[in-house]
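Peer 1: Before I ask anything, here is the structure I am working with.
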Amino acid sequence: APGEFVKDIDEGLDRDIFDINEDLGLDLFEGDIKLEEQGK
Amino acid sequence: NSIIGDNYRWPHTIPYVLEDSLDMNAKGVILNAFERYRLKTCIDFKPWSGEANYISVFKESGCWSSVGNRHVGKQQLSIGDNCDRIATVQHEFLHALGFWHEQSRADRDDYVTIVWDRILSGREHNFNIYDDSVSDSLNVPYDYTSVMHYSKTAFQNGTEPTIVTRISDFEDVIGQRMDFSDYDLLKLNRLYNCSSSLSFMDSCDFELDNICGMIQSSGDSADWQRVSQVLGGPENDHSNMGQCKDSGFFMHFNTSSGNAGATAMLESRILYPKRGFQCLEFYLYNSGGESDHVKIYTREYTAAHPEGVLTLRREINEIPTGSWQLYYVTLQVTEKFRVAFEGLKGPGSSSGGLSIDDINLSETRCPHHIWHIQNFTQLLGSQNVYSPPFYSPEGYAYQIYLNLNSLTNVGIYFHLISGANDDQLQWPCPWQQATMTLLDQNPDIRQRMSNQRSITTDPTMTDDNGSYFWDRPSKVGVVASFPNGTQFSRGRGYGTSAFITHERMKSREFIKGDDVYILLTVEDISYLNSTSNVPDPVPTSTIYNACSEVECQNGGICTVHEGRAECKCPAGEDWWYMGQRCEKRGSTHDTIVIAVSSTVTVFAVMLIITIVSVYCTRRKYRKKASSNPALDAQNQHAF
């Protein structure tokens, strides 16, 4: 059936930025904000 | 919700580097996101050429950014796995530009309720508020539709929402990841004092009497009329679909009378290109004869041809009758120009004519193809549909598959299919990025929030059975047939089951007049394969551009003189700007005032000196006289 002859990038989930970061175990500020300074 | 402090601002043109670590698809998506900034804001992006501060976009774990310009030289922004969605990139760059999340603004609790006991333990801090001493909402109301708003399920510890909107209608609106909202743009343009954008040129829905400054050409045999309905059709305009009483206008060329060959030409006002390439978009309605058609011209004005040179850019024949149809025309104009729409009456009877509405002109790239889906409402939730076949500029044949019969989400997938050029093409298909856009049909291109997904054919990608995913469809695909019975091979689809929710699908103007448009572009992005191929000049100290750190005011132009940035200030007939950054204004009026006042001052000073000297002299002689009276009598006679 057509529906089966596809590859679903999202594997059926509508994951937001914060879900993606959370699944990766990142505990960033407000979910996606990097606080510490980065060097030159 | 923007961080307070001018030191956090970036220049209006932000230097960037796309690092090699990025996925190919992500690089293409980031460049598309930059185009949305260029269309709707005054923020531009340029490859880093040695400026002190720039944004380094790379692939690390997750999607994240810092807030504001941190002046750290290389400021990193991560677009990792699954972050390569255009609105995610827009979201992270808004952080870099100085914005926090929408629900962290000081007055958040007036609009939403945070349900603390539904938040993942240890993640409560993500719902902190900034007070208005550090965060500025720029006098814009709370924005449920912001691309910076958490969704209702953010950091939930179960299945219940962590954010509940006080107005329940917005419950499923928050957390949209489609595009900038109107308020997002209002805030950003306020924060960076935007008054224009790089690529927007014109948008006209003919609601104003001045019809956006368009003019009727002379030398044609009829005029376009501004009307709100035509007996032979259309009954309504396209902008509002007749929803608004006493409004809803469009331009109409009546072909129900007059002779075959009659023409009517409508010209835009003069427009000034900056980038040299444009995309013209408009809706046509044909209620006339089948052979009535439209020609699109440009009239370019040059020193050699001040009256303008008319050039035919596109002839649109066989316009379907009975409904509004969307058209795109690619232009490549470098001089100031007008766009002209010429309606032509063909032979044969007509009970109406040609109508045009919702024109948009921008210096962006047109989509390669349009998939027009009619009677969409009856399809949603019931059927899956395949697009007609299309060819990419490289010659690859492809098709789009819309999965509409799931309960909650619409899925979209890209399929390579067998085509006429397959023997001459490279297989597996290398680095073709397919961008699929569900068009938000708002008449004004700047107010659209179209939903877009891009995928890229990675020639090294293998399928579960070990074959190359993007190999030749006749080799790895399945046999299918077109509605006319012609057989072809269809490769496996690649896309997402979560393209858009049914609820959002029915929102905004995605479905308009029961029509849906999917815009398609497939382009070769192999040039992005390594930084050395990305148009980023290699940064060396010798090409450091001092002007990149300097912003001349009041239209001053920065030049580099002996390695130092200097502002050349504008001047007019009786005025001029001056100062290091042209921040001071001068005028002949000032000069006159200075001249007069200095003259008066000099005169006053001289007068005072004179008076004082006369007074002293008189006093001196008076003393002498009083000390020698005889001398005084003799002298009297002598004078």
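Heads up: the protein sequence lines correspond to chains H and U, in order. Heads up: the first sequence begins at -1 in this note's numbering, then just goes up one per residue. Heads up: the second sequence begins at 127 in this note's numbering, then just goes up one per residue. Glycine included, C-beta positions come from ideal geometry on N, C-alpha and C.
Using C-beta distances below 6 Å, list every residue in its chain close to ASP346 of chain U, excluding the 5 sequence neighbours before and after it, in chain order.
Peer 2: Counting from one through the second sequence, the residue named residue 346 of chain U turns up at place 220. Here the set comprises THR389, ALA390 and MET391.
Peer 1: Does DSSP put SER261 of chain U in a helix, a strand or coil?
Peer 2: Residue mapping note: residue 261 of chain U aligns to position 135 of the second sequence, counting from 1. Reduced to three states, the DSSP call for SER261 of chain U is strand.
Peer 1: Can you list the residues of chain H that VAL604 of chain U reaches, using a CB-CB cut of under 8 Å?
Peer 2: Position 478 of the second sequence, counted from the first residue, corresponds to residue 604 of chain U. Within chain H, the residues near VAL604 of chain U are PHE3.
Peer 1: So, is PHE171 of chain U buried or exposed, given that buried needs 16 or more other C-beta atoms within 10 angstroms?
Peer 2: In the second sequence, counting from the first residue as 1, residue 171 of chain U sits at position 45. It counts as buried.
Peer 1: Quick one: Cα of TYR653 of chain U to Cα of HIS275 of chain U, how far?
Peer 2: Position 527 of the second sequence, counted from the first residue, corresponds to residue 653 of chain U. Position 149 of the second sequence, counted from the first residue, corresponds to residue 275 of chain U. C-alpha separation (whole angstroms): 35 Å.
Peer 1: Who are the near neighbours of LEU311 of chain U in its chain, counting only those whose CB is closer than 8 Å to its CB and skipping five residues on each side?
Peer 2: As a first step, residue 311 of chain U must be located in the second sequence, where it is residue number 185. Counting only Cβ-Cβ distances below 8 Å, and skipping sequence neighbours, we find LYS166, THR167 and ARG572.
Peer 1: Okay, do the region 633 to 648 of chain U and the region 488 to 501 of chain U touch, 3+ Cβ pairs below 8 Å being the bar?
Peer 2: Touching, yes.
Peer 1: Excluding sequence positions up to five away, which residues of its chain have a Cβ less than 6 Å from the Cβ of ARG13 of chain H?
Peer 2: Stepping through the first sequence from its first residue, residue 13 of chain H is reached at position 15. The answer is none, since no qualifying residue turns up.
Peer 1: With a threshold of 8 Å between beta-carbons, can HIS227 of chain U be considered close to chain A, or not?
Peer 2: In the structure shown, chain A cannot be found, because the protein chains are H and U.
Peer 1: Might you give, ordered along the chain, the residues of its own chain that have their beta carbon closer than 6 Å to the beta carbon of GLY368 of chain U, omitting 5 neighbours on each side?
Peer 2: Residue numbering aside, residue 368 of chain U sits at position 242 when the second sequence is read from its first letter. Counting only Cβ-Cβ distances below 6 Å, and skipping sequence neighbours, we find ASN362 and GLY374.
Peer 1: Between the region 176 to 191 of chain U and chain H, which residues of the former have a C-beta closer than 8 Å to a C-beta of the latter?
Peer 2: Per Cβ criterion, the list reads SER187, GLY188, CYS189, TRP190 and SER191.
Peer 1: Identify every residue that forms a DSSP beta bridge with LEU203 of chain U.
Peer 2: Position 77 of the second sequence, counted from the first residue, corresponds to residue 203 of chain U. Answer is U:VAL183 and U:SER191, bridged to LEU203 of chain U.
Peer 1: Per DSSP, which residues does HIS378 of chain U bridge with? Please list them.
Peer 2: Stepping through the second sequence from its first residue, residue 378 of chain U is reached at position 252. Answer is U:GLN351 and U:SER481, bridged to HIS378 of chain U.
Peer 1: Can you give me the C-alpha to C-alpha distance between PHE403 of chain U and ARG491 of chain U, rounded to a whole angstrom?
Peer 2: Against the second sequence, residue 403 of chain U aligns to sequence position 277. Against the second sequence, residue 491 of chain U aligns to sequence position 365. Going by the C-alpha atoms only, they are around 7 Å apart.
Peer 1: Beta carbons nearer than 7 Å to chain H: which residues of the region 617 to 630 of chain U have them?
Peer 2: Answer set for the region 617 to 630 of chain U: ARG618, GLY619, TYR620, GLY621, THR622, SER623 and ALA624.
Peer 1: Is the beta carbon of PHE379 of chain U less than 8 Å from the beta carbon of LEU480 of chain U?
Peer 2: On the second sequence, residue 379 of chain U is found 253 positions in, with the first residue counted as 1. On the second sequence, residue 480 of chain U is found 354 positions in, with the first residue counted as 1. Contact flag set, yes.
Peer 1: Between U:TYR454, U:CYS320, U:ARG234 and U:LYS462, which lies nearest to ALA430 of chain U when the distance is taken from Cα to Cα?
Peer 2: For the purposes of this step, residue 430 of chain U is identified with residue 304 of the second sequence, where counting begins at 1. Checked all of U:TYR454, U:CYS320, U:ARG234 and U:LYS462; the closest Cα to ALA430 of chain U is U:LYS462.
Peer 1: Indicate whether at least one CB of chain H lies closer than 8 Å to the CB of SER230 of chain U.
Peer 2: Along the second sequence, read from residue 1 onward, the residue named residue 230 of chain U stands at position 104. SER230 of chain U counts as touching chain H.
Peer 1: Looking only at its own chain, which residues have a Cβ that is under 8 Å from the Cβ of SER667 of chain U, when we skip the five neighbours before and after it?
Peer 2: By one-based count along the second sequence, residue 667 of chain U stands at place 541. Note that SER667 of chain U has pLDDT 40, beneath the 50 cutoff, so the model's placement of it is unreliable and the number below is only indicative. GLY176, listed in sequence order.
Peer 1: In its own chain, which residues sit with a C-beta less than 8 Å from the C-beta of GLN613 of chain U, not counting the 5 before and 5 after it?
Peer 2: The sequence position of residue 613 of chain U within the second sequence is 487, counting from 1. Hits under 8 Å: VAL605, ALA606 and SER607.
Peer 1: Between the Cα of PRO399 of chain U and the Cα atoms of U:HIS364, U:VAL465 and U:ARG244, which residue gives the shortest distance?
Peer 2: Along the second sequence, read from residue 1 onward, the residue named residue 399 of chain U stands at position 273. When each option's Cα is compared against that of PRO399 of chain U, the closest is U:VAL465.
Peer 1: Pull the bridge partners of PHE27 of chain H from the DSSP assignment, please.
Peer 2: As a first step, residue 27 of chain H is located in the first sequence; it is residue number 29 there, counting from the start. H:ILE31, per the DSSP bridge assignment.
Peer 1: Helix, strand or coil for ILE7 of chain H? Go by DSSP, reduced to three states.
Peer 2: As a first step, residue 7 of chain H is located in the first sequence; it is residue number 9 there, counting from the start. The answer is coil: DSSP assigns ILE7 of chain H none of H, G, I, E or B.
Peer 1: Determine the DSSP secondary structure at THR239 of chain U, reduced to helix, strand or coil.
Peer 2: Start at 1 with the first residue of the second sequence, and residue 239 of chain U comes out as number 113. In this structure, THR239 of chain U counts as strand in the three-state DSSP scheme.
Peer 1: Considering just the uninterrupted stretch of the alpha helix (DSSP H) at PRO432 of chain U, what are its terminal residues?
Peer 2: Start at 1 with the first residue of the second sequence, and residue 432 of chain U comes out as number 306. Note, PRO432 of chain U: premise wrong, no alpha helix (DSSP H); not H, not E.
Peer 1: Output the boundary residues of the alpha helix (DSSP H) element that contains HIS495 of chain U.
Peer 2: Against the second sequence, residue 495 of chain U aligns to sequence position 369. Careful: HIS495 of chain U lies outside any alpha helix (DSSP H), inside the beta strand (DSSP E) at 495 to 499.
Peer 1: Can you name the residues that DSSP bridges to ILE341 of chain U?
Peer 2: Within the second sequence, the letter at position 215 stands for residue 341 of chain U. Bridge partners of ILE341 of chain U: U:GLU393.
Peer 1: Between the alpha carbons of GLU489 of chain U and ILE626 of chain U, how many angstroms are there, rounded?
Peer 2: Along the second sequence, one-based indexing puts residue 489 of chain U at 363. Along the second sequence, one-based indexing puts residue 626 of chain U at 500. Whole-angstrom Cα-Cα distance: 28 Å.
Peer 1: Looking at the secondary structure, which residues open and close the alpha helix (DSSP H) in which GLU218 of chain U lies?
Peer 2: Taking the second sequence and counting its residues from 1, one reaches residue 218 of chain U at position 92. GLU218 of chain U -> alpha helix (DSSP H) spans 212 to 223.
Peer 1: Answer yes or no: does any C-beta atom of chain H fall closer than 8 Å to that of THR214 of chain U?
Peer 2: Residue 214 of chain U sits at position 88 when you count from the first residue of the second sequence. Cβ-Cβ to chain H under 8 Å: yes for THR214 of chain U.
Peer 1: Does the Cβ-Cβ distance between ARG425 of chain U and LEU436 of chain U come in under 8 Å?
Peer 2: In the second sequence, counting from the first residue as 1, residue 425 of chain U sits at position 299. In the second sequence, counting from the first residue as 1, residue 436 of chain U sits at position 310. Contact: yes.
Peer 1: Taking the beta strand (DSSP E) that HIS419 of chain U falls in, what are its first and last residues?
Peer 2: If you number the second sequence from 1, residue 419 of chain U lands on position 293. Note, HIS419 of chain U: beta strand (DSSP E), 419 to 426.
Peer 1: For ARG234 of chain U, decide whether its Cβ has a neighbour in chain H, counting only Cβ atoms nearer than 8 Å.
Peer 2: One-based indexing of the second sequence puts residue 234 of chain U at position 108. Not closer than 8 Å to any Cβ of chain H, the Cβ of ARG234 of chain U fails to qualify, so no.
Peer 1: Could you give the DSSP three-state label for PRO663 of chain U: helix, strand or coil?
Peer 2: Translated into the one-based positions of the second sequence, residue 663 of chain U becomes position 537. Note that PRO663 of chain U scores a pLDDT of 40, beneath 50, so its modelled location is shaky and nothing firm can be said.
Peer 1: For GLY248 of chain U, which three-state DSSP category applies?
Peer 2: Numbered from 1 along the second sequence, position 122 holds the residue referred to as residue 248 of chain U. Coil, per DSSP.
Peer 1: Check whether the region 236 to 250 of chain U touches the region 131 to 144 of chain U, taking contact to mean three or more Cβ pairs, one atom from each stretch, closer than 8 Å.
Peer 2: Because the criterion of three Cβ pairs below 8 Å is not met, the region 236 to 250 of chain U and the region 131 to 144 of chain U do not touch.
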